[in-house]
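Q: Please find one structure pasted underneath; my questions will follow.
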Amino acid sequence: MIVTSTARVSTDRPGRYGKQLTSHLSEKLTTTWDADAGR
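Residue numbering for the sequence shown follows the numbering used here, beginning at 48 and increasing consecutively.
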């Protein structure tokens, strides 16, 4: 079974939160963060 979830949240500093989320997920997955692209 595959479970997915999507949310869109407005924030003043999306890059910061994206980087934090990537860092958190990298504990279990291989992740990368592109600061220029914001993803």
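Glycine is no exception: its CB is placed at the ideal position from the N, C-alpha and C atoms.
Since the model is a prediction, treat every value here as computed from it, not as a measurement.
Here's a check: name, in chain order, each residue in its chain whose Cβ is nearer than 8 Å to the Cβ of residue 69, leaving out the five neighbours to either side.
A: Mapped onto the sequence shown, residue 69 falls at position 22. Contacts found: 78, 79, 80.
Q: Which residue marks the beginning of the alpha helix (DSSP H) containing residue 70, and which one marks its end?
A: What you label residue 70 is simply residue 23 of the sequence shown in a count that begins at 1. Note, residue 70: alpha helix (DSSP H), 61 to 72.
Q: To the nearest angstrom, how far is the alpha carbon of residue 67 from that of residue 74?
A: As a position in the sequence shown, residue 67 is number 20, starting the count at 1. As a position in the sequence shown, residue 74 is number 27, starting the count at 1. Going by the C-alpha atoms only, they are around 12 Å apart.
Q: Quick check: the Cα distance between residue 60 and residue 49, rounded to an integer number of angstroms?
A: Taking the sequence shown and counting its residues from 1, one reaches residue 60 at position 13. Taking the sequence shown and counting its residues from 1, one reaches residue 49 at position 2. C-alpha separation (whole angstroms): 30 Å.
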